[in-house]
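Asker: So for the sequence shown, my numbering puts the first residue at 28; every next one is plus one.
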Amino acid sequence: YLLPLIEGCTVNTKLGMVKTDHILFIASGAFHLSKPSDLVPELQGRLPIRVELKALSPQDFERILTEPHASLTEQYRELLKTEGLKIEFKPDGIKRLAEIAWQVNEKTENIGARRLHTLLERLLEEVSFSAGDLAISPDAAPIEIDADY
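(1) Pick from Asp173, Phe58, Gln86: whose alpha carbon is nearest that of Asp119?
(2) Contact defined as beta carbons within less than 8 Å: I believe Glu126 pairs with Pro85. What is the distance between those atoms, to the nearest angstrom?
(3) Per the contact definition of three or more C-beta pairs closer than 8 Å, is the segment 89-102 in contact with the segment 45-59?
(4) Using beta-carbon positions only, say whether Leu30 and Glu69 come within less than 8 Å of one another.
(5) Could you check where the alpha helix (DSSP H) with Lys134 kicks off and where it finishes?
(6) With a cut-off of 8 Å on the beta carbons, I'd call Leu112 and Ala158 a contact; round off their distance for me.
(7) Work out the CA separation of Glu34 and Val78 for me, nearest whole Å.
(8) Could you name the residues of the same chain whose beta carbon sits closer than 6 Å to that of Val67, not counting the 5 residues immediately before and after it, in chain order?
(9) Relative to the C-alpha of Gln102, which residue among Leu80, Leu147, Asp48 is closest?
(10) Which residues does DSSP pair with Thr37 in a beta bridge?
(11) Does the distance from the CB of Ala177 to the CB of Arg142 come in under 8 Å?
(12) Since Ile121 and Ile170 are thought to touch, with beta carbons under 8 Å apart, how far apart are those beta carbons, to the nearest angstrom?
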C-alpha cells in the first residue's frame, strides 16, 4: 500500500483527489533491529537517505519531561486535576525518572522517550486508580513526586 503512494499516484480523499507525485515522504521509526535490506528493494530506492540517531541521555529525558508545552508531567498533572488531585513533580523526582528511563533503555530494548510514558504510568498507577477516593480539597497540599516517591 505504501509503495504506490511514494511512487506517485492519485488518491481519493474526503476532500477530493490528491496527486502524490510531488509530495515529500519522510518515514521514521524505531528500526534498531532492522537492516535496510529488510525493506522491499523498491521501497529502499524511494527512501534513499537513512539517519541513525544516538541514544537519549538522562539530560535529554529531563528536558523531555520539563520543556515541551504539553510535557508528560503537565499532562499527568492536568489528568489528575480532573479527579480532584494535585500533583507536583519536584526537580529531584524528574531527575530520578530521567535516570531510570535511561537505565532501563540501556539494559533492555531502547525505545527512546516512549519509556517515559511507561514509567509515569507505573509510578502513578495507584494514585490514578484511587483518584476518586483520594480527592482532596482545593487548598490541600499537592502530592509531591520526588526522588523517594
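Ideal Cβ positions, reconstructed from N, Cα and C, are used throughout, including at glycine.
Keep in mind the model is a prediction, meaning the values are calculated, not measured.
Answerer: Based on what the coordinates show:
(1) The residue given as residue 119 occupies position 92 in the sequence shown. With respect to the C-alpha of Asp119, the residue from Asp173, Phe58, Gln86 having the closest C-alpha is Asp173.
(2) The sequence position of residue 126 within the sequence shown is 99, counting from 1. The sequence position of residue 85 within the sequence shown is 58, counting from 1. Confirmed, about 5 Å.
(3) Cβ pair count under 8 Å is below three, so no.
(4) By one-based count along the sequence shown, residue 30 stands at place 3. By one-based count along the sequence shown, residue 69 stands at place 42. One thing to note: Leu30 has its Cβ within 8 Å of the Cβ of Glu69.
(5) Here the question's residue 134 lines up with position 107 in the sequence shown. Residues 118-134.
(6) Looking up residue 112 in the sequence shown gives position 85. Looking up residue 158 in the sequence shown gives position 131. Between Ala158 and Leu112 the Cβ distance is about 5 Å, and since that is below 8 Å, they are a contact.
(7) Here residue 78 is taken as the residue at index 51 of the sequence shown, counted from 1. Here residue 34 is taken as the residue at index 7 of the sequence shown, counted from 1. Spanning the alpha carbons of Val78 and Glu34 requires a straight line of approximately 21 Å.
(8) Start at 1 with the first residue of the sequence shown, and residue 67 comes out as number 40. Taking Val67 as the centre and dropping the five residues before and after it, the same chain places no C-beta closer than 6 Å to its C-beta.
(9) Numbered from its first residue, the sequence shown carries residue 102 at position 75. Ranking Leu80, Leu147, Asp48 by Cα distance to Gln102 puts Leu147 first.
(10) Here residue 37 refers to the residue found at position 10 of the sequence shown. Beta-bridge pairing links Thr37 to Lys46.
(11) Examination of residue 177 is not possible in this model, given that the chain is present from 28 through 176 alone.
(12) Reading the sequence shown from its first residue, position 94 is the one you call residue 121. Reading the sequence shown from its first residue, position 143 is the one you call residue 170. The beta carbons of Ile121 and Ile170 sit about 15 Å from each other, so the pair does not count as a contact at 8 Å.
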